[in-house]
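Residue numbers (this note's numbering): 4 to 144.
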Amino acid sequence: MLPLSLLRTAQNHPMLVELKNGETYNGHLVSCDNWMNINLREVICTSRDGDKFWKMPECYIRGSTIKYLRIPDEVIDMVKEETIIKNKQSRDPKGGRGGPNQRNRPAARGNFGGGPGGGGGGRPNKPGGQKLFQKNKAKPS
Numbered sequence: 004m005l006p007l008s009l010l011r012t013a014q015n016h017p018m019l020v021e022l023k024n025g026e027t028y029n030g031h032l033v034s035c036d037n038w039m040n041i042n043l044r045e046v047i048c049t050s051r052d053g054d055k056f057w058k059m060p061e062c063y064i065r066g067s068t069i070k071y072l073r074i075p076d077e078v079i080d081m082v083k084e085e086t087i088i089k090n091k092q093s094r095d096p097k098g099g100r101g102g103p104n105q106r107n108r109p110a111a112r113g114n115f116g117g118g119p120g121g122g123g124g125g126r127p128n129k130p131g132g133q134k135l136f137q138k139n140k141a142k143p144s
C-alpha cells in the first residue's frame with residue numbers, strides 16, 4: 004500500500020496532520036498532490052504547546068512540513084480492498100499484446116504457428132529434399 008494511494012482514498016474523510024514544528028491540524032481532506040501537499044476543510048489548528056486553538060474554514064499544508072498523518076481505520080480497509088481488486092484484474096489475461104491467448108496465431112511477420120512441433124513456415128522443401136534427412140538403411144545383399 005503506497006502512501007499517496009492511501010491519501011487519495013482518504014479524500015473527504017477526517018484526518019489529523021502533525022507538522023514538524025509540532026502544530027496539529029484536524030480537518031477533512033479535500034485534495035492532495037504528488038508532493039503530498041494537502042488541502043483541508045473545516046480545520047481546527049492546535050499550537051505546539053496545545054494551549055491555543057484556531058478554527059479555519061480551509062487550509063493548505065506543504066507536504067515537506069508534514070511529520071505524520073493520522074487516518075481512520077476504515078480508509079485503510081478501503082485501500083486494502085482496492086488493491087485486492089486491482090491484483091485480481093491484473094491477473095486476467097484479457098487484453099494486451101501477445102499473451103497466453105495468442106498460442107496458435109501468427110504473432111508477427113514470419114512466425115507461422117510457433118510452439119512445440121513447429122507448424123511449417125519458411126521456404127518449402129525442394130523435391131526430394133526430405134530424402135536428405137532420412138537415415139540411409141543399407142539393404143542386406
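By construction, the Cβ of each residue, glycine as well, lies at the ideal position given by its N, Cα and C atoms.
Cα atoms of Val82 and Asp52: separation of roughly 34 Å, rounded to the nearest angstrom.
If you draw a straight line from the Cα of Cys48 to the Cα of Lys70, it is about 15 Å long. Excluding sequence positions up to five before and after Thr27, its CB lies within less than 8 Å of the CB of Leu19, Val20, Glu21, Cys48 and Thr49, all in the same chain and listed in chain order.
For Gln14, the CB contacts under 6 Å within the same chain, skipping 5 residues up- and downstream, are Leu32 in chain order. A residue is called buried once 16 or more other Cβ atoms fall within 10 Å of its Cβ, and Thr12 is buried on that count. Residue environment analysis places Gly25 among the exposed positions, since fewer than 16 neighbouring C-beta atoms fall within 10 angstroms of its C-beta.
Residues Thr68, Ile69 and Lys70 of the same chain have their beta carbon placed closer than 8 Å to that of Lys23, with the five preceding and five following residues left out of the count. Spatial neighbours of Cys35 in its own chain (CB-CB distance under 6 Å, excluding positions within 5 residues in sequence) are listed in chain order as Leu10 and Ile41. DSSP places Leu9 within a helical segment (H, G or I) once states are collapsed to three. A check of alpha carbon separations from Tyr63 across Arg44, Val78, Pro75 and Arg73 identifies Arg44 as the nearest. Beta-bridge partners of Trp57 (DSSP): Cys48.
According to the DSSP secondary-structure assignment, Asn15 is paired through a beta bridge with no residue.
Between Pro60 and Pro17, the gap from beta carbon to beta carbon reaches 8 Å or more.
Close CB contacts of Pro6 within its chain, under the 8 Å cut and outside five residues either way in sequence, are with Met39 (chain order).
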